[in-house]
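Peer 1: The structure's right below; bear with me while I get my questions together.
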Amino acid sequence: QVPKTGLVLFCGYVSRGVPGNEKLEVHIVIPPEPLNIYLYRCDSRFHVEPLKQLLMEHDFYGIIVIDRQEATFAILKGRRLEIVEHITSGVPGKHDAGGQSQRRFERIIEQMAHEFYKRVAEYAKKIFLQNDLNLSGLIIGGPGPTKYEFVKGNYLHYQLQSKIVGIVDIGYTGEAGVHELIKRSRKLLENVRYVKEKQLMQKFLELLVRDSEMVTYGIREIKMLLEQGAVDLLLISTDLDLEKIEFTCQNCMYKEHLLISSKEEYKFTNKTCPKCSSLMTISERKNLIDELIELAEKTGAKVELISTETEEGEELRRAFGGVAAILRYRVNV
1 QVPKTGLVLF
11 CGYVSRGVPG
21 NEKLEVHIVI
31 PPEPLNIYLY
41 RCDSRFHVEP
51 LKQLLMEHDF
61 YGIIVIDRQE
71 ATFAILKGRR
81 LEIVEHITSG
91 VPGKHDAGGQ
101 SQRRFERIIE
111 QMAHEFYKRV
121 AEYAKKIFLQ
131 NDLNLSGLII
141 GGPGPTKYEF
151 VKGNYLHYQL
161 QSKIVGIVDI
171 GYTGEAGVHE
181 LIKRSRKLLE
191 NVRYVKEKQL
201 MQKFLELLVR
211 DSEMVTYGIR
221 EIKMLLEQGA
231 VDLLLISTDL
241 DLEKIEFTCQ
251 NCMYKEHLLI
261 SSKEEYKFTN
271 KTCPKCSSLM
281 TISERKNLID
291 ELIELAEKTG
301 AKVELISTET
311 EEGEELRRAF
321 GGVAAILRYR
331 VNV
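Okay, so the sequence shown: first residue is 1 according to full-length UniProt numbering, each after it adds one.
Encoded structure:
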């Protein structure tokens, strides 16, 4: 039976460095989240892009599209969008009454709008403050001034009010409004992510200066401290391009492990054994990021991928070898 999240099967012959000595590899992967595509490819490489998209973004964003007639609630995670709820207000539109009747109608309408805003806030609390939903930000949009009235009125739960990252003007409501809001908010969401990355790196750099025994960097040191369970937060550059490759001599079976970037792998095509000078072949390879993340998961360490789009992210790649960590306790490495 196929798992609820789908199934990914990779199968093919992988080069071991010498023509004619390829190795058949079969990998079965159960995605961590639903994979809503069907893809079949015969190619010279494994197509892992859909899986990468699932792993790239773990942030949830709440979305509320509101005017005086209706409100729609949605959750955005990476590229996945879920429309969660849609409610209507019952607030009447324009009326023809004049004089005292007009003022009475206006008071009634304002009271109905007030009650609608309270109801929107209750739905938002129920949807976005679930125990298993770690909300990174809240975006509110809609046509006209309603969205501003709602936000300025402090109807939202204080935890949600503090997570508002943007109020966006759009032309539609309902599901169409949600899609328009996301389209108009891409730059905003990108900036939010960059701000978070900058804050994480600034925290690391501050500790490096003020309390250096609470941080570490370098692949060897971090692997050792991950195995000891000392790492609280692992920072990995998205530009880290290293694989742990095992070379095996086909004559004396001597093995050697090296960290090699994909750009330099060609230099080891004709690697010879230091023991007997026979040709060595690649017997195993593992992406370094995967290995570090697996070690982090075993000890409950948090992992953040840091892009090089910010100055701090570029510094992680250039000055610290692409890997750094904030520790749970002081360690003198």
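Heads up, the beta-carbon is just placed ideally off N, CA and C, and yes, glycines get one too.
If we count the other Cβ atoms within 10 Å of its Cβ and call it buried at 16 or more, is Glu180 buried or exposed?
Peer 2: The residue given as residue 180 occupies position 180 in the sequence shown. Looking at its Cβ environment, which holds 16 or more other Cβ atoms inside 10 Å, Glu180 is buried.
Peer 1: How many Å lie between Ile219 and Gly321 at the Cα?
Peer 2: In the sequence shown, the residue the question calls residue 219 occupies position 219. In the sequence shown, the residue the question calls residue 321 occupies position 321. Rounded to the nearest angstrom, the two C-alpha atoms are 8 Å apart.
Peer 1: Quick check: what's the CA-CA separation for Ser44 versus Ile306?
Peer 2: Numbered from 1 along the sequence shown, position 44 holds the residue referred to as residue 44. Numbered from 1 along the sequence shown, position 306 holds the residue referred to as residue 306. If you take the alpha carbons of Ser44 and Ile306, they lie about 29 Å apart.
Peer 1: Give the secondary structure of Glu33 by DSSP, where H, G and I count as helix, E and B as strand, and everything else as coil.
Peer 2: To locate residue 33, count along the sequence shown from 1; it is residue 33. Reduced to three states, the DSSP call for Glu33 is coil.
Peer 1: Grouping DSSP H, G and I as helix and E and B as strand, with all else coil, what is Arg328?
Peer 2: As a working note, residue 328 is residue 328 in the sequence shown. Note: Arg328 maps to coil in three-state DSSP.
Peer 1: Compute the beta-carbon to beta-carbon distance between Gly137 and Val168, rounded to the nearest angstrom, for a pair I have assumed lies under 8 Å.
Peer 2: Sequence index remark: in the sequence shown, residue 137 carries index 137 (1-based). Sequence index remark: in the sequence shown, residue 168 carries index 168 (1-based). Under the criterion of beta carbons closer than 8 Å, Gly137 and Val168 do not qualify as touching, at roughly 12 Å.
Peer 1: I need the boundaries of the beta strand (DSSP E) containing Phe10, first residue and last residue.
Peer 2: For this step, residue 10 is matched to residue 10 along the sequence shown. Per DSSP, Phe10 belongs to the beta strand (DSSP E) from Val8 to Val14.
Peer 1: Could you say if the region 244–257 and the region 277–296 meet the contact criterion of at least three C-beta pairs nearer than 8 Å?
Peer 2: Contact holds: three or more Cβ-Cβ distances are below 8 Å.
Peer 1: Is the Cβ-Cβ distance between Phe116 and Gly62 less than 7 Å?
Peer 2: In the sequence shown, residue 116 corresponds to position 116, counting from 1. In the sequence shown, residue 62 corresponds to position 62, counting from 1. No. Outside cutoff.
Peer 1: Between His86, Gly177, Gln202 and Val120, which has its C-alpha nearest Thr310's C-alpha?
Peer 2: Taking the first residue of the sequence shown as position 1, residue 310 is located at position 310. Of the listed residues, the one whose Cα sits closest to Thr310 is Gln202.
Peer 1: Should Ile236 go down as buried or exposed, given a rule of 16 or more other Cβ atoms within 10 Å for buried?
Peer 2: The residue given as residue 236 occupies position 236 in the sequence shown. That one is buried.
Peer 1: Is Val165 closer than 7 Å to Val192 when the C-beta atoms are compared?
Peer 2: Counting from 1 along the sequence shown, the entry for residue 192 is found at position 192. Counting from 1 along the sequence shown, the entry for residue 165 is found at position 165. Against a cut-off of 7 Å, the Cβ pair of Val165 and Val192 comes out as a contact.
Peer 1: Is the separation between the beta-carbon of Gly174 and that of Pro143 shorter than 7 Å?
Peer 2: By one-based count along the sequence shown, residue 174 stands at place 174. By one-based count along the sequence shown, residue 143 stands at place 143. No, these two residues do not count as a Cβ contact at 7 Å.
Peer 1: What's the call for Arg41, buried or exposed, on a 16-neighbour Cβ count within 10 Å?
Peer 2: Stepping through the sequence shown from its first residue, residue 41 is reached at position 41. Exposed.
Peer 1: Could you name the residues of the same chain whose beta carbon sits closer than 8 Å to that of Val91, not counting the 5 residues immediately before and after it, in chain order?
Peer 2: On the sequence shown, residue 91 is found 91 positions in, with the first residue counted as 1. Here the set comprises Arg68, Gln69, Ile109, Met112, Ala113 and Phe116.
Peer 1: Quickly, what does DSSP pair Arg220 with across the bridge? List them, please.
Peer 2: Stepping through the sequence shown from its first residue, residue 220 is reached at position 220. Answer by DSSP bridge pairing: none, since Arg220 is not bridged.
Peer 1: Given a cut-off of 7 Å, decide if Glu85 and Tyr38 are closer than it, judged by their beta-carbon atoms.
Peer 2: Translated into positions along the sequence shown, residue 38 becomes position 38. Translated into positions along the sequence shown, residue 85 becomes position 85. Taking 7 Å as the Cβ cut-off, Tyr38 and Glu85 do not qualify as a contacting pair.
Peer 1: In its own chain, which residues sit with a C-beta less than 7 Å from the C-beta of Arg318, not counting the 5 before and 5 after it?
Peer 2: Numbered from its first residue, the sequence shown carries residue 318 at position 318. Here the set comprises nothing.
Peer 1: Can the beta-carbon of Ile66 be found less than 7 Å from the beta-carbon of Lys147?
Peer 2: Start at 1 with the first residue of the sequence shown, and residue 66 comes out as number 66. Start at 1 with the first residue of the sequence shown, and residue 147 comes out as number 147. Going by C-beta atoms, Ile66 is nearer than 7 Å to Lys147.
Peer 1: Verify whether the separation of the beta carbon atoms of Ala325 and Val231 is less than 7 Å.
Peer 2: Indexing the sequence shown from 1 puts residue 325 at position 325. Indexing the sequence shown from 1 puts residue 231 at position 231. Yes.
Peer 1: For Val14, I'd like the list of residues in its chain whose CB is within less than 7 Å of its CB, leaving aside the five on either flank, ordered along the chain.
Peer 2: Within the sequence shown, residue 14 is the residue found at index 14, counting from 1. Result list for Val14: Glu22, Lys23 and Glu25, in chain order.
Peer 1: In three-state terms, what does DSSP make of Lys77?
Peer 2: Stepping through the sequence shown from its first residue, residue 77 is reached at position 77. It is a strand residue.
Peer 1: Can you say whether Glu264 is buried or exposed, counting buried as having 16 or more other CB atoms within 10 angstroms of its CB?
Peer 2: Within the sequence shown, numbered from 1, the residue matching residue 264 stands at position 264. By the 10 Å Cβ count, Glu264 comes out exposed.
Peer 1: Whole alpha helix (DSSP H) runs in the UniProt domain "eRF1" (194–331) with 4 or more residues, listed along the chain?
Peer 2: 219–227, 288–299 and 311–319
Peer 1: If I measure Cβ to Cβ from His157 and keep anything under 6 Å in the same chain, skipping five residues before and after, which residues do I get?
Peer 2: Residue mapping note: residue 157 aligns to position 157 of the sequence shown, counting from 1. Once the five neighbours on either side are set aside, the close Cβ partners of His157 are Lys125.
Peer 1: Since Pro34 contacts Gly6 with CB under 8 Å, what's their CB separation in whole angstroms?
Peer 2: Your numbering for residue 34 matches position 34 in the sequence shown. Your numbering for residue 6 matches position 6 in the sequence shown. Correct: roughly 6 Å between the Cβ atoms.
Peer 1: Can you tell me the Cβ-Cβ gap for Leu234 and Ala296, rounded? I've got them flagged as a contact below 8 Å.
Peer 2: By one-based count along the sequence shown, residue 234 stands at place 234. By one-based count along the sequence shown, residue 296 stands at place 296. Indeed they touch by this definition, with Cβ atoms about 5 Å apart.
Peer 1: Take Phe60 as the anchor and find which of Val2, Glu49 and Ile139 has the nearest alpha-carbon.
Peer 2: Looking up residue 60 in the sequence shown gives position 60. Among Val2, Glu49 and Ile139, the Cα nearest to that of Phe60 belongs to Ile139.
Peer 1: According to DSSP, is Thr146 part of a helix, a strand, or is it coil?
Peer 2: Residue 146 sits at position 146 when you count from the first residue of the sequence shown. It is helical.
Peer 1: Kindly list the residues whose CB is nearer than 6 Å to the CB of Ile83, restricted to its own chain and excluding five residues on each side of it in sequence; keep chain order.
Peer 2: Position 83 of the sequence shown, counting from 1, holds the residue named residue 83. Ala74 and Glu175, listed in sequence order.
Peer 1: On a CA-only basis, which of Arg104, Arg328, Ile87 and Glu314 is nearest Thr238? Give me that one, please.
Peer 2: As a working mapping, residue 238 is identified with position 238 in the sequence shown. Closest option to Thr238, Cα to Cα, is Glu314.
Peer 1: From the DSSP output, in three-state form, read off Lys23 for me.
Peer 2: Counting from 1 along the sequence shown, the entry for residue 23 is found at position 23. DSSP places Lys23 in strand when its eight states are reduced to three.
Peer 1: Pull up the distance between the alpha-carbon of Met253 and that of Cys276, whole angstroms please.
Peer 2: For this step, residue 253 is matched to residue 253 along the sequence shown. For this step, residue 276 is matched to residue 276 along the sequence shown. Between the C-alpha atoms of Met253 and Cys276 there is a straight-line separation of about 10 Å.
Peer 1: Using a beta-carbon distance below 7 Å, is Asp169 in contact with chain C?
Peer 2: As a matter of chain content, chain C is missing from the structure shown, which is built from one protein chain.
Peer 1: Kindly identify the DSSP beta-bridge partner or partners of Leu138.
Peer 2: The residue given as residue 138 occupies position 138 in the sequence shown. Its beta-bridge partners are Gly62 and Ile164.
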